[in-house]
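Numbering (the working numbering), first residue to last: 8 to 329.
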Amino acid sequence: MFKRLFGRGQDAPRTEEEAQAEEAQVSQSLEKSRQGIFGQISRLFANDDPITDELWDDLEEALIQGDVGLETTLYLVNRTKDRVNRHGTKKAREVRDMLKAEMVRTFQEFAGQQKAPARPYVVLVVGVNGAGKTTMIAKLAHRYKHRFGKKVLLAAGDTFRAAATEQLETWAERAGVPCVSMGQGADSAAVVYKAIDAAVEQDVDVLIIDTAGRLQAKFNLMVELEKIRNIIQRKMPDAPHEVLLVIDATTGQNGVLQAKAFLKSSGVSDVAVTKLDGTSKGGIAFAIAQDIERPIRYIGTGEKMDDLAMFDAQSFVDALFA
Ligand SMILES: Nc1nc2c(ncn2[C@@H]2O[C@H](COP(=O)(O)OP(=O)(O)O)[C@@H](O)[C@H]2O)c(=O)[nH]1
Ligand SMILES: [Mg+2]
């Protein structure tokens, strides 16, 4: 039985079992967050005490500590207050579920649009160095190939950093998918050009393109990404079908700020949040959704190839408070 449709692009729906397994993964990666700030919030609302200003202040403080970000925190708290007033709620215990409902809604404000299936379905992966792009690509390749039976091709578009192309090639080998690479120092646009030709020629279902992430004046990353995008579009007018911005959850508010720089140059359509397993401040996901204004599509839950889960707002929020 299929639980819900993620029938975008070349994705197939998850089975109930797959969805449950991924929920368990997400839940495990949120262990630190659950033990920390979010457990604390849960305790704030664990009794039948009256709802006081102090309680709201404590909530605000905890959310900010949990990396939800000032703006998103105020937004969440105000919406929860409104809900409490509308319902004439009197007991602290009842606030928790209202807060959770508002949290889920926060994510759903930027629900993705259904994308027409395309072939090859071109995914451009962007983000700062170390965010987890290459690892995410390996996970996606593995998922597309082994779960959905798709024919996958990778493109080593990060030609800037030493060993970046080798790293992708190693992952490609592990995932059992081919990789177009021209080595370090090559023109990344040329790699992309060649990869699209190969994808069409070999009748590939999904082409995933790795890119550089160096944020430094000497190397104008945003110009480079725009160039890559133009090359893709010139060859395939409706591509890239997905521009996935990868954000490291452990980099906090600063990471979100850096990630925002990608919005303009690369036309980001979706977000992947990595390393949630490495932070107790899982609240960063709310800040990401609100600041980037794009749907979170994937969660990286570890360093292995199958440490990947589809993002689901309700199960994410449930896991934070479980
Ligand atoms: N714990 C954890 N580590 C991750 C995750 N995703 C990536 N990493 C690690 O983050 C580091 C940088 O990843 P990489 O894919 O090379 O980043 P890139 O520079 O954006 O391509 C590597 O050591 C990865 O193993 C994740 O979801 N959880
Ligand atoms: Mg990389």
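A virtual CB, placed ideally from N, CA and C, is assigned to each residue, including glycine.
*Any heavy atom of ligand 2 within a distance shorter than 7 Å of the CB on T141?*
For the purposes of this step, residue 141 is identified with residue 134 of the sequence shown, where counting begins at 1. Set against 7 Å, the gap from the CB of T141 to the closest heavy atom of ligand 2 is smaller.
_Once DSSP output is grouped into helix, strand and coil, what is the label at R21?_
Position 14 of the sequence shown, counted from the start, is the residue given in the question as residue 21. DSSP places R21 in strand when its eight states are reduced to three.
*Can you tell me which of V211, N261, P247, V135 puts its alpha carbon nearest to the alpha carbon of A123?*
As a position in the sequence shown, residue 123 is number 116, starting the count at 1. Here the closest residue by C-alpha is P247.
*For the beta strand (DSSP E) that contains M317, what are its first and last residues?*
Within the sequence shown, the letter at position 310 stands for residue 317. Start and end: 315-317.
*Could you tell me the boundaries of the alpha helix (DSSP H) in which G262 lies?*
Residue numbering aside, residue 262 sits at position 255 when the sequence shown is read from its first letter. Counting along the chain, the alpha helix (DSSP H) containing G262 begins and ends at 259-267.
*As assigned by DSSP and simplified to three states, the class of Q27*: The residue you call residue 27 lines up with position 20 of the sequence shown. The answer is helix: DSSP assigns Q27 an H, G or I state.
*Length at least 3, wholly inside the stretch 183-256: the beta strand (DSSP E) runs in chain order*: 213-217, 249-255
*With a threshold of 16 other CB atoms inside 10 Å of the CB of Q32, please say whether the residue is buried or exposed.*
Along the sequence shown, read from residue 1 onward, the residue named residue 32 stands at position 25. That one is buried.
*Anyone know if the C-beta pair for A138 and D64 falls short of 8 Å?*
Stepping through the sequence shown from its first residue, residue 138 is reached at position 131. Stepping through the sequence shown from its first residue, residue 64 is reached at position 57. Contact: no.
*Would the beta-carbon of N261 be found less than 7 Å away from any heavy atom of ligand 1?*
Counted from its first residue, the sequence shown places residue 261 at position 254. In this structure, the C-beta of N261 stays at least 7 Å away from each heavy atom of ligand 1.
*asked:* Per the DSSP calculation, D277 is bridged to which residue(s)?
replied: Translated into the one-based positions of the sequence shown, residue 277 becomes position 270. Answer is L251, bridged to D277.
_Just to confirm before moving on: does the CB-CB distance between K152 and G119 stay below 8 Å?_
Residue mapping note: residue 152 aligns to position 145 of the sequence shown, counting from 1. Residue mapping note: residue 119 aligns to position 112 of the sequence shown, counting from 1. The Cβ atoms of K152 and G119 do not sit closer than 8 Å to each other.
*Segments assigned alpha helix (DSSP H), at least 4 residues, entirely inside the stretch 28-63*: 38-42, 44-51
*Run the proximity test for E310: is its beta-carbon closer than 7 Å to any non-hydrogen atom belonging to ligand 1?*
Position 303 of the sequence shown, counting from 1, holds the residue named residue 310. Yes - ligand 1 has a heavy atom lying nearer than 7 Å to the Cβ of E310.
*asked:* Can you tell me whether D217 sits near ligand 2, meaning its C-beta is under 7 Å from at least one heavy atom of the ligand?
replied: Position 210 of the sequence shown holds residue 217. True, at least one ligand heavy atom lies under 7 Å from that Cβ.
*Could you tell me the distance, in whole angstroms, from the CA atom of L70 to the CA atom of S287?*
Stepping through the sequence shown from its first residue, residue 70 is reached at position 63. Stepping through the sequence shown from its first residue, residue 287 is reached at position 280. Whole-angstrom Cα-Cα distance: 12 Å.
*Going by DSSP, which residues form a beta bridge with I306?*
Taking the sequence shown and counting its residues from 1, one reaches residue 306 at position 299. V280, A316, per the DSSP bridge assignment.
_Between the alpha carbons of E249 and T166, how many angstroms are there, rounded?_
Translated into the one-based positions of the sequence shown, residue 249 becomes position 242. Translated into the one-based positions of the sequence shown, residue 166 becomes position 159. E249 and T166: Cα-Cα distance of roughly 21 Å.
*Secondary structure of L77, DSSP reduced to three states*: The residue given as residue 77 occupies position 70 in the sequence shown. In this structure, L77 counts as helix in the three-state DSSP scheme.
*Between V324 and T281, which are expected to be in contact by the criterion C-beta below 8 Å, what is the C-beta distance as a whole number of angstroms?*
In the sequence shown, residue 324 corresponds to position 317, counting from 1. In the sequence shown, residue 281 corresponds to position 274, counting from 1. So it is not a contact: roughly 19 Å between Cβ atoms.
*May I ask you to report which of helix, strand or coil DSSP gives K98?*
Numbered from 1 along the sequence shown, position 91 holds the residue referred to as residue 98. Here K98 sits in strand by DSSP.
*Backbone secondary structure at D325 - three-state DSSP*: Counting from one through the sequence shown, the residue named residue 325 turns up at place 318. Helix, per DSSP.
*Residue environment, H94, which counts as buried when at least 16 other CB atoms sit within 10 Å*: As a working mapping, residue 94 is identified with position 87 in the sequence shown. Answer is exposed; the Cβ neighbour count stays below 16.
*Given that a residue counts as buried once 16 or more other Cβ atoms are within 10 Å of its Cβ, and exposed if not, what is T113?*
Here residue 113 refers to the residue found at position 106 when the sequence shown is read from its first residue. It counts as buried.
_Assigned secondary structure, A162 (DSSP; H/G/I helix, E/B strand, else coil)_ = Locating residue 162 in the sequence shown gives position 155, counting from the first residue. Residue state, collapsed to three classes: strand.
*Which first and last residues belong to the alpha helix (DSSP H) in which Q297 is found?*
Against the sequence shown, residue 297 aligns to sequence position 290. Note, Q297: alpha helix (DSSP H), 291-299.
*Would you mind working out which of V198, S273, L264, F318 sits nearest D298, comparing C-alpha positions?*
Counting from one through the sequence shown, the residue named residue 298 turns up at place 291. Nearest C-alpha to D298: L264.
*Does any heavy atom of ligand 1 sit closer than 7 Å to the C-beta of Q174?*
For the purposes of this step, residue 174 is taken as the residue at position 167 of the sequence shown. True, at least one ligand heavy atom lies under 7 Å from that Cβ.
_I need the straight-line Cα distance from K271 to M229, nearest angstrom please._
Numbered from its first residue, the sequence shown carries residue 271 at position 264. Numbered from its first residue, the sequence shown carries residue 229 at position 222. One C-alpha to the other measures close to 8 Å.
*asked:* So, with DSSP's three-state summary, where would you put V135?
replied: Numbered from its first residue, the sequence shown carries residue 135 at position 128. Coil.
*Buried or exposed: where does D212 fall if 16 or more other Cβ atoms within 10 Å of its Cβ makes it buried?*
What you label residue 212 is simply residue 205 of the sequence shown in a count that begins at 1. Sixteen is the threshold: when 16 or more other Cβ atoms of the shown chains lie within 10 Å of the Cβ of D212, as they do, the residue is buried.
*Output the distance between the C-alpha atoms of V198 and A108, rounded to the nearest integer angstrom.*
Against the sequence shown, residue 198 aligns to sequence position 191. Against the sequence shown, residue 108 aligns to sequence position 101. Approximately 45 Å between the Cα atoms of the pair.
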